[in-house]
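*Asks:*
Chains as they are written, first to last, in full-length UniProt numbering: chain F, 1 to 315; chain R, 1 to 315.
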């Protein structure tokens, strides 16, 4: 493994990808506590919610308020998800640093979920870019390519379909690209190949990888992606969220397990693992009865792990 | 990643490492069915049991009978665990192909678990080698270095302690060496370093890696070890066994998840994934109420996965 990055950003998506998938509606003051504690634990990028109609996802109806709070925290880069131009208008008005627009690489999945083809979503992203620029806003636009390794409707998704989306997103004016394994179809072989090719196409604009642990490979897939030069990965505290199509299977890459893996490798994330585990315990109590994931929350850190990590960084 | 192996052997250890950790005592005829089905699914190495006194592990008391049966299956390489010279005598008499002798790299763990220092175990392995050779037996002797990345008693274990054990085992006449992360302390950073150094020391005699999923990194650790040239990994069906010190945390690397990961990477294991998942379901029913692990048993294979894999191998 020739060149591993020295720093990785973990983008916490539990407040969006996680909370939209659970039954519990977390009160705004608890979400604010979550964001504050995550920031205090060293996280510097958080996806705080989604600008979708409140009747569709009532649990995320407080997104504008969360952006306002999160923007008061020093050095915190605040993301939101937006599904369409209307959402983009709200994201720009909120002052979020980045809006993530999901786009399914699978035509069938895109039609079933969004009732739009991938090309129609890309055309909408061009309109978002125009409105963002006209508003003089600095909110970045990220095209997030979902089901990039396959999906439950069509099965396998061809690499060429994903790369076509990458290029079309760049052409439409997306500032950032991310690639997501929405239903846990990816393995390290496909990840290495696709991430290298996407990176060659998009360079620094290939911004983030997003893996689900449906088949136990979320962390391995991150590891396999590290060589591509991508330095940002989504994860959610306690692995909440993820794949509703595989009951009992685990959800997103868990933030605490990912932070532990990277710390073990000597890769800097800025995260205080003990503080993150304390936050995990708090969120787990708030989400009692929901399916939680992640191994570190059960097993804890290895004995003396923190001391060793501190020793390693001073050597 | 310069050179990945084209073939990997998954050694099934569920019948030993798994069954010794669960409450259920599986009848011999079911173990025989398990071994037969595993062989039919393409597995070619199985650790069938342990030659320990029956009053200590009554659930493994039928090991000699299992070796006899397993040796009737064409091409099956049959391993057993032995803790001491007495066990080695029984292993030689049984006609097993290999006997694994565990040895803790942690002096404290070794004293607590075996009431012997690592050096005393190594001296015993030299006596096993002498008795094996005197008997004209072909049963290979594998020194299995456990807690190689740390343990719950002393915490971190130094790489130099493990490498010293590797050399001492080779000097004592061990035919094979394996390295085990007994309580899930390893991460891919430490695995890459230690496996490369152990391989440099032991060459082809560095035979096998054994990872527990206590902190969610078993598969990532296998992936990280693939570059070292080691081509054999222990795993247990449904991940049974593993770490009794972390209740609720998962156990061994699960055979089916590991086989899936390697298949996705185009690495040949000889395993029919559907047949292995059918066996997993059968064993899960036999072990009802026990803690089972592994993601594939819940999520199943991705849609069209088999077809794609078949396509890839004919391309």
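For every residue, glycine included, the Cβ atom is placed at its ideal position computed from N, Cα and C.
Is the number of C-beta pairs between the segment 248-265 of chain F and the segment 179-191 of chain R that are closer than 8 angstroms three or more?
*Replies:* yes
*Asks:* Based on DSSP bridge pairs, tell me the residues matched to residue 148 of chain F.
*Replies:* Mapped onto the first chain, residue 148 of chain F falls at position 148. In DSSP, residue 148 of chain F forms a bridge with F:150.
*Asks:* Residues of chain R with CB under 8 angstroms from residue 265 of chain F, in chain order?
*Replies:* Indexing the first chain from 1 puts residue 265 of chain F at position 265. Here the neighbours are 187, 188 and 189.
*Asks:* With a CB to CB cut of under 6 angstroms and the five nearest residues on each side skipped, what residues in its chain are close to residue 59 of chain R?
*Replies:* Position 59 of the second chain, counted from the first residue, corresponds to residue 59 of chain R. Result list for residue 59 of chain R: 19 and 25, in chain order.
*Asks:* Between the C-alpha atoms of residue 279 of chain R and residue 44 of chain R, what's the straight-line distance to the nearest angstrom?
*Replies:* Translated into positions along the second chain, residue 279 of chain R becomes position 279. Translated into positions along the second chain, residue 44 of chain R becomes position 44. Their Cα atoms are separated by approximately 15 angstroms.
*Asks:* May I have the straight-line CA-CA distance separating residue 122 of chain R from residue 138 of chain R, to the nearest angstrom?
*Replies:* For the purposes of this step, residue 122 of chain R is taken as residue 122 along the second chain, with counting starting at 1. For the purposes of this step, residue 138 of chain R is taken as residue 138 along the second chain, with counting starting at 1. Answer to the nearest angstrom: the Cα atoms are 20 angstroms apart.
*Asks:* Taking a contact to mean a Cβ-Cβ separation below 8 angstroms, would you say residue 108 of chain F touches residue 154 of chain F in this structure?
*Replies:* As a working mapping, residue 108 of chain F is identified with position 108 in the first chain. As a working mapping, residue 154 of chain F is identified with position 154 in the first chain. A contact, by the Cβ cut-off of 8 angstroms.
*Asks:* Among residues of its own chain, excluding the 5 on either side of residue 71 of chain R, which ones have a beta-carbon nearer than 7 angstroms to its beta-carbon?
*Replies:* Reading the second chain from its first residue, position 71 is the one you call residue 71 of chain R. 78 and 95, listed in sequence order.
*Asks:* I want to see whether chain R comes within less than 8 angstroms of residue 110 of chain F, judged by CB atoms only; does it?
*Replies:* Taking the first chain and counting its residues from 1, the one referred to as residue 110 of chain F is at position 110. Cβ-Cβ to chain R under 8 angstroms: no for residue 110 of chain F.
*Asks:* Near residue 6 of chain F, what residues of its chain come up, given a Cβ to Cβ distance below 7 angstroms and the 5 sequence neighbours on each side ignored?
*Replies:* On the first chain, position 6 is the one that residue 6 of chain F refers to. So the list reads 267 and 268, once near-sequence residues are dropped.
*Asks:* Determine, using beta carbons only, whether residue 215 of chain F comes closer than 8 angstroms to chain R.
*Replies:* For the purposes of this step, residue 215 of chain F is taken as residue 215 along the first chain, with counting starting at 1. Cβ-Cβ to chain R under 8 angstroms: yes for residue 215 of chain F.
*Asks:* Are the beta-carbon atoms of residue 200 of chain F and residue 297 of chain F separated by less than 8 angstroms?
*Replies:* Position 200 of the first chain, counted from the first residue, corresponds to residue 200 of chain F. Position 297 of the first chain, counted from the first residue, corresponds to residue 297 of chain F. For the 8 angstroms CB-CB criterion, residue 200 of chain F and residue 297 of chain F do not form a contact.
*Asks:* Below 8 angstroms, can you find three or more Cβ-Cβ pairs linking the segment 124-137 of chain R to the segment 81-95 of chain R?
*Replies:* The segment 124-137 of chain R vs the segment 81-95 of chain R: in contact.
*Asks:* Please state if the CB of residue 180 of chain R and the CB of residue 144 of chain R are separated by a distance shorter than 8 angstroms.
*Replies:* Start at 1 with the first residue of the second chain, and residue 144 of chain R comes out as number 144. Start at 1 with the first residue of the second chain, and residue 180 of chain R comes out as number 180. Less than 8 angstroms divides the Cβ of residue 144 of chain R from the Cβ of residue 180 of chain R.
*Asks:* Closest to residue 183 of chain R by CA distance: which of R:253, R:168, R:177 and R:124 is it?
*Replies:* Translated into the one-based positions of the second chain, residue 183 of chain R becomes position 183. Residue 183 of chain R has its Cα closest to that of R:253, out of R:253, R:168, R:177 and R:124.
*Asks:* Express the C-alpha separation of residue 76 of chain R and residue 55 of chain F in angstroms, rounding to a whole number.
*Replies:* In the first chain, counting from the first residue as 1, residue 55 of chain F sits at position 55. In the second chain, counting from the first residue as 1, residue 76 of chain R sits at position 76. So the alpha carbons of these two residues sit roughly 60 angstroms apart.
*Asks:* Can you find a CB in chain R that lies within less than 8 angstroms of the CB of residue 223 of chain F?
*Replies:* Reading the first chain from its first residue, position 223 is the one you call residue 223 of chain F. Taking Cβ atoms only, chain R reaches closer than 8 angstroms to residue 223 of chain F, which makes this a yes.
*Asks:* Taking the beta strand (DSSP E) that residue 260 of chain F belongs to, which residues open and close that run?
*Replies:* The residue given as residue 260 of chain F occupies position 260 in the first chain. No beta strand (DSSP E) holds residue 260 of chain F; the alpha helix (DSSP H) holding it covers 255-264.
*Asks:* At which residue ranges does the segment 52-106 of chain F contain complete alpha helix (DSSP H) runs of 4 or more residues, listed in the order of the chain?
*Replies:* 63-70 and 85-94
*Asks:* Is residue 158 of chain F helix, strand or coil by DSSP?
*Replies:* As a working mapping, residue 158 of chain F is identified with position 158 in the first chain. In the structure shown, residue 158 of chain F sits in coil (DSSP, three-state: anything other than H, G, I, E or B).
*Asks:* Assuming residue 220 of chain R and residue 261 of chain F form a contact by the criterion Cβ under 8 angstroms, report the distance between their Cβ atoms to the nearest whole angstrom.
*Replies:* Counted from its first residue, the second chain places residue 220 of chain R at position 220. Counted from its first residue, the first chain places residue 261 of chain F at position 261. Indeed they touch by this definition, with Cβ atoms about 7 angstroms apart.
*Asks:* State the CB to CB distance for the pair residue 53 of chain F and residue 81 of chain F, rounded to an integer number of angstroms; the pair is presumed to be in contact (CB under 8 angstroms).
*Replies:* Here residue 53 of chain F corresponds to residue number 53 of the first chain, with the count starting at 1. Here residue 81 of chain F corresponds to residue number 81 of the first chain, with the count starting at 1. Rounded, the Cβ-Cβ distance is 13 angstroms, inconsistent with contact.
*Asks:* Residues in the segment 148-161 of chain R with C-beta within 9 angstroms of chain F's C-beta atoms, listed in sequence order?
*Replies:* 149, 150, 151, 152, 153, 154, 155 and 156
*Asks:* Per DSSP, which residues does residue 208 of chain R bridge with? Please list them.
*Replies:* One-based indexing of the second chain puts residue 208 of chain R at position 208. R:178.
*Asks:* Based on Cα-Cα distance, which residue from F:140, F:74 and F:39 lies nearest to residue 89 of chain F?
*Replies:* Locating residue 89 of chain F in the first chain gives position 89, where the first residue counts as 1. Closest by alpha carbon: F:140.
*Asks:* Does DSSP put residue 140 of chain R in a helix, a strand or coil?
*Replies:* Residue numbering aside, residue 140 of chain R sits at position 140 when the second chain is read from its first letter. Here residue 140 of chain R sits in strand by DSSP.
*Asks:* Closest to residue 302 of chain R by C-alpha separation, out of R:257, R:293, R:23 and R:284, would be which residue?
*Replies:* Indexing the second chain from 1 puts residue 302 of chain R at position 302. Answer by Cα proximity: R:257.
*Asks:* When burial is assigned at 16 or more other CB atoms within 10 Å of the CB, is residue 171 of chain F buried or exposed?
*Replies:* Here residue 171 of chain F refers to the residue found at position 171 when the first chain is read from its first residue. Residue 171 of chain F is exposed by the Cβ-count criterion.
*Asks:* List, in chain order, every chain R residue whose beta-carbon is nearer than 9 angstroms to that of residue 237 of chain F.
*Replies:* To locate residue 237 of chain F, count along the first chain from 1; it is residue 237. For the C-beta of residue 237 of chain F, not a single chain R residue is nearer than 9 angstroms; the gap to the nearest is close to 14 angstroms.
*Asks:* So, under 8 angstroms CB-CB, residue 225 of chain F and residue 195 of chain F are touching, yes? Tell me the CB distance rounded to an integer number of Å.
*Replies:* The residue labelled residue 225 of chain F in the question sits at position 225 within the first chain. The residue labelled residue 195 of chain F in the question sits at position 195 within the first chain. Here residue 225 of chain F really is in contact with residue 195 of chain F; their C-beta atoms are around 5 angstroms apart, less than 8 angstroms.
*Asks:* Measure from the C-beta of residue 299 of chain R to each C-beta in chain F and report whether the shortest distance is under 8 angstroms.
*Replies:* Translated into the one-based positions of the second chain, residue 299 of chain R becomes position 299. Residue 299 of chain R counts as touching chain F.
*Asks:* Counting only the same chain and skipping the five closest in sequence on each side, list residues whose C-beta sits under 7 angstroms from that of residue 112 of chain R.
*Replies:* Working through the second chain from its first residue, we reach residue 112 of chain R at position 112. Cβ neighbours of residue 112 of chain R beyond the five flanking positions: 153.
*Asks:* Return helix, strand or coil for residue 230 of chain F, following the three-state DSSP convention.
*Replies:* Taking the first chain and counting its residues from 1, the one referred to as residue 230 of chain F is at position 230. DSSP places residue 230 of chain F in coil when its eight states are reduced to three.
*Asks:* With a cut-off of 8 angstroms, does the C-beta of residue 257 of chain R fall near any C-beta of chain F?
*Replies:* The residue given as residue 257 of chain R occupies position 257 in the second chain. Yes, its Cβ sits closer than 8 angstroms to a Cβ of chain F.
*Asks:* Residue 228 of chain R to residue 49 of chain F, Cα distance in whole Å?
*Replies:* Here residue 228 of chain R refers to the residue found at position 228 when the second chain is read from its first residue. Here residue 49 of chain F refers to the residue found at position 49 when the first chain is read from its first residue. Their backbone Cα atoms lie some 43 angstroms apart in a straight line.
*Asks:* I need the DSSP call for residue 115 of chain F, collapsed to helix, strand or coil.
*Replies:* Translated into positions along the first chain, residue 115 of chain F becomes position 115. DSSP, reduced to helix, strand and coil, places residue 115 of chain F outside both helices and strands of the structure shown, so it counts as coil.
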